[in-house]
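Down below is the structure, laid out as structure tokens.
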Amino acid sequence: MSSFALYLIGMIVVIGGLVYAAWLMHVPTQWLVVGVLVLLGIGIVGAVTHTRRRDPPES
Numbered sequence: 466m467s468s469f470a471l472y473l474i475g476m477i478v479v480i481g482g483l484v485y486a487a488w489l490m491h492v493p494t495q496w497l498v499v500g501v502l503v504l505l506g507i508g509i510v511g512a513v514t515h516t517r518r519r520d521p522p523e524s
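Plus 465 on top of the position in the sequence shown (first one is 1) and you've got my numbering.
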């Protein structure tokens with residue numbers, strides 16, 4: 466399994482925990498959806514940033 470996939474799986478687990486906690490605090494559904502979308506976007510950008518390969522130096 467690639468580092469990118471592991472990073473995203475970890476992010477999904479974190480998002481799931483945060484959504485569950487917010488749901489227990491009776492946060493309105495529309496804000497749960499907004500939070501999930503924002504956190505998924507941050508997770509994808511973070512995964513791409515941490516797992517992309519560096520460009521080789523030019524000679």
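Even for Gly, the Cβ is constructed at its ideal location relative to N, Cα and C. Keep in mind the model is a prediction, meaning the values are calculated, not measured.
Among the options, which has the Cα closest to the Cα of residue i?
i, options, result
"Val479", "Gly508, Trp488 and Arg519", "Gly508"
"Met476", "Leu489, His491 and Val503", "Val503"
Using 7 Å as the threshold, is the C-beta distance between residue i and residue j below it?
i, j, result
"Leu483", "Ala512", "no"
"Ser468", "Thr514", "no"
Could you tell me how far apart the beta carbons of residue i and residue j are, in whole angstroms, since I believe they sit closer than 8 Å?
i, j, result
"Gly500", "Ala486", "At roughly 11 Å, the Cβ-Cβ gap does not stay under 8 Å, so Gly500 and Ala486 are not in contact."
Please work out which residues of its chain come closer than 8 Å, Cβ to Cβ, to residue i, disregarding the five sequence neighbours upstream and downstream, and give them in chain order.
i, result
"Leu497", "Val484, Ala487 and Trp488"
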